[in-house]
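Undergrad:
2 protein chains.
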Amino acid sequence: MLATSSRNLGVIVQAKILIVEDEPAIAELLAFNVMQAGFIALRAEDAPSAWQQIRDHSPDLILLDWMLPETSGVVIAKQLRADARTCDIPIIMLTARGDERDKILGLESGADDYITKPFSPRELMARIRAVLRRHIPIMPDENVSAGGLELSPVTHRVTAKGHSIELGPTEFRLLQFFMTHTERVYSRTQLLDQVWGTQVFVEERTVDVHIRRLRAALEPAGMDNLIQTVRGSGYRFSTT
Amino acid sequence: MLATSSRNLGVIVQAKILIVEDEPAIAELLAFNVMQAGFIALRAEDAPSAWQQIRDHSPDLILLDWMLPETSGVVIAKQLRADARTCDIPIIMLTARGDERDKILGLESGADDYITKPFSPRELMARIRAVLRRHIPIMPDENVSAGGLELSPVTHRVTAKGHSIELGPTEFRLLQFFMTHTERVYSRTQLLDQVWGTQVFVEERTVDVHIRRLRAALEPAGMDNLIQTVRGSGYRFSTT
DNA sequence: AGCACCGTGTCACACGGTTGTCATAATTTC
DNA sequence: GAAATTATGACAACCGTGTGACACGGTGCT
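For the protein sequence lines, the chains are A and B, in the order given. Residue numbering for the first sequence follows the numbering used here, starting at 481 and increasing by one per position. Residue numbering for the second sequence follows the numbering used here, starting at 481 and increasing by one per position.
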């Protein structure tokens with residue numbers, strides 16, 4: 481599992497994190513850590529440029545300094561929460577004083593979490609990940625059954641009339657895609673996009689190999705004929 | 481997690497109840513009764529906003545209307561059950577027709593109870609309390625037995641066909657979680673959230689070590705194969 | 001206090017499974 | 001038969017997991 485990026489339905493997205501901090505040294509430190517962890521770091525040093533960044537890039541999370549030159553972080557947080565377009569963006573407050581009152585105020589103003597300076601990079605990243613984890617949209621993965629096969633994403637099991645079928649991760653995703661998109665031909669490129677993800681560059685012929693491996697796993701149950709080759713076009717999952 | 485979940489502690493602070501209902505009048509009525517009874521009422525009028533609420537507030541119980549504009553309540557219920565993060569949330573179905581078939585379908589789709597409109601507030605609250613009573617004490621203090629293992633939270637003991645099994649606190653909680661959530665794959669992140677808690681920051685690979693320690697403790701009884709590795713996904717407690 | 005002990009989290013390393021790629025054989029199409 | 005396309009077998013690199021060791025903090029004991 482890539483700890484650095486939020487995974488959703490097989491597609492890897494790189495979360496964008498906006499750092500709103502006026503002290504350059506701290507901003508630099510934050511940006512470094514954030515990028516080190518594999519996120520995209522956006523930066524703003526005051527409220528106007530923060531809004532600009534939010535409008536242009538719609539970040540997935542905002543690290544917001546408590547103390548800012550013009551507008552305080554709390555005000556920004558409240559404004560973010562007031563706008564329908566931004567009220568869903570999670571906020572982590574950065575505060576210098578380990579004051580308990582700051583914590584209360586920060587949370588009341590709509591922050592999802594807060595962290596006091598100085599902070600360890602590990603803790604910061606952990607909190608970021610925790611907050612992001614809570615905000616990843618829930619995509620229900622339902623059990624699928626087709627052509628006598630039963631696939632259960634939650635238990636990560638595949639069965640075919642009693643036979644238990646062992647699959648590697650890639651073959652599992654491949655079969656899952658086929659079972660949720662039956663009776664239709666998919667080119668190798670389409671399969672790569674859907675199963676491997678768009679950002680991965682893999683040889684087209686690799687699909688052949690995984691098709692073969694999937695068939696081999698299905699063969700003991702006599703269900704390998706479900707995966708059909710359509711010459712010149714690609715592959716198809718068909719019950720007939 | 482800052483929004484203190486009403487579970488976990490075993491003590492019901494204030495259960496959050498999500499009302500999914502498109503008719504404003506009925507939603508209002510429900511909310512009023514729920515709040516009157518001392519619960520926190522969340523509201524959603526369609527499937528998307530319901531998911532939003534679930535994601536943000538993780539309610540302790542869901543009142544789900546049978547008939548909804550876009551996605552039917554049954555579909556939502558099934559999706560809730562399919563997701564590891566939501567499968568434990570109890571559901572009470574609201575149905576207008578006193579039809580017996582609805583009841584069957586509703587229960588099959590994973591609802592814990594159902595109630596037909598019109599209903600008396602007293603009956604509704606009684607059912608809510610009954611369902612909550614059954615569901616809150618999942619983690620705390622209930623003896624569990626699965627796969628030939630017996631776990632008793634009150635005495636903090638684990639036995640496997642005569643063998644007494646010694647576990648450290650963390651391994652105990654880990655096993656308890658697995659035994660109350662069998663046959664389902666959990667990622668390291670999910671296990672950290674569920675067993676360690678969301679505000680604890682621990683390396684993901686630490687889970688491996690505790691899995692190993694748990695297996696080592698189970699090995700003398702020959703039950704270490706109950707904890708299965710699902711490569712690329714996580715771990716699973718399975719009796720098969 | 002000093003001590004040993006336990007539980008825990010982290011790391012480094014080893015091992016095996018998985019994966020992508022290629023060369024080659026088999027198959028289909030014209 | 002030749003060309004195009006796909007199936008197969010083999011292989012090396014990589015990644016994920018298992019494992020042992022160690023450090024740290026807490027607890028109870030002498």
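No residue lacks a Cβ here, since even glycine has one placed at the ideal position from N, Cα and C.
1. Of all the residues that make up the segment 548-567 of chain B, which are near chain A by a beta-carbon distance shorter than 8 Å?
2. Since T721(A) meets chain B, which of its residues come closer than 9 Å, beta carbon to beta carbon?
3. Cβ of V682(B) within 8 Å of Cβ of L672(B)?
4. Once DSSP output is grouped into helix, strand and coil, what is the label at G553(B)?
5. Enumerate in chain order the residues of its own chain whose CB-to-CB distance from N513(B) is below 8 Å, with the five nearest sequence positions on each side excluded.
6. Quick one: grab the DSSP three-state call for I691(A).
7. Could you check the C-alpha separation between V611(A) and P570(A) for me, to the nearest Å?
8. Which first and last residues belong to the alpha helix (DSSP H) in which T635(A) is found?
9. Look at the alpha carbon of T662(B) and the alpha carbon of L543(A), and state the distance between them as a whole number of angstroms.
10. Given a threshold of 16 other Cβ atoms within 10 Å of its Cβ, counted over all protein chains shown, does G518(B) qualify as buried or as exposed?
11. So E663(B) contacts chain A; which residues on that side make the cut at Cβ distance below 8 Å?
12. Give the single residue among S625(A), L654(A), A562(A), A697(A) whose Cα lies nearest to the Cα of Y715(A).
13. Looking at chain A, is there any beta carbon in it that lies within less than 8 Å of the beta carbon of S713(B)?
14. If you run the structure through DSSP and keep just helix, strand and coil, what is L522(A)?
15. In this structure, how does DSSP classify Q708(B) when only helix, strand and coil are distinguished?
16. Tell whether a beta-carbon distance below 8 Å holds between S667(B) and H636(A).
17. Please name the residue in I556(B), A626(B), E508(B), L574(B) whose C-alpha comes closest to that of T566(B).
18. For E651(A), return the contacting residues in chain B, with the cut-off set at a CB-CB distance below 7 Å.
19. For R711(A), count neighbouring Cβ atoms within 10 angstroms of its own Cβ and tell me buried if that reaches 16, exposed if not.
20. Just the Cα atoms here: how many angstroms apart are A530(B) and T660(B)?
21. Rounded to a whole number of angstroms, what is the C-alpha to C-alpha distance between I506(A) and A495(A)?
22. Could you confirm whether any beta carbon from chain A is found closer than 8 Å to the beta carbon of R693(B)?
23. Cα-Cα, which of Q670(B), I608(B), I645(B) is closest to D563(B)?
24. The segment 527-551 of chain A: which residues have C-beta closer than 8 Å to a C-beta of chain B, in chain order?
25. From V624(A), E684(A), D536(A), pick the residue whose C-alpha is nearest to that of T639(A); which is it?
26. Roughly how many whole angstroms lie between the Cα atoms of E550(A) and Y594(A)?
27. DSSP puts R716(B) in a beta bridge; with which residues?
28. Short of 6 Å in beta carbon distance, which residues of its chain neighbour D502(A), apart from the five on each side in sequence? Order them along the chain.
29. Quick check: does the Cβ of D621(A) come within less than 7 Å of any heavy atom belonging to the ligand COA?
30. Which word fits H722(B), buried or exposed, when buried means at least 16 other C-beta atoms lie within 10 angstroms of its C-beta?
31. For R523(A), which residues in the same chain have their Cβ closer than 7 Å to its Cβ, ignoring the five residues on either side in sequence?
32. Is D593(A) helix, strand or coil by DSSP?
33. Quick one: what's got a C-beta closer than 6 Å to T719(B)'s C-beta in the same chain, skipping five residues either side?
34. Closer than 7 Å by beta-carbon distance: list the chain B residues that pair up with E603(A), in chain order.
35. Quick one: Cα of F658(A) to Cα of I707(A), how far?
36. Can you tell me whether M703(A) is buried or exposed? The criterion is at least 16 other CB atoms within 10 Å of its CB, across all chains shown.
TA: Let's see:
1. K558, Q559, L560, A562, D563, A564, R565, T566, C567
2. Limits of chain A in this structure are 481 at one end and 720 at the other, which puts residue 721(A) out of reach.
3. yes
4. helix
5. P601, L604, M605
6. helix
7. 7 Å
8. Careful: T635(A) lies outside any alpha helix (DSSP H) and carries neither H nor E.
9. 38 Å
10. exposed
11. T635
12. L654(A)
13. yes
14. strand
15. strand
16. no
17. I556(B)
18. Simply none; closest approach about 11 Å.
19. exposed
20. 26 Å
21. 21 Å
22. no
23. Q670(B)
24. none
25. V624(A)
26. 21 Å
27. V665(B), Q708(B)
28. E525, L548, P549
29. With respect to the ligand COA, the structure offers nothing, as it holds no ligand at all.
30. The structure shown has nothing for residue 722(B), since chain B only spans 481 to 720.
31. I499, A507, A511
32. strand
33. G627
34. F681
35. 9 Å
36. buried
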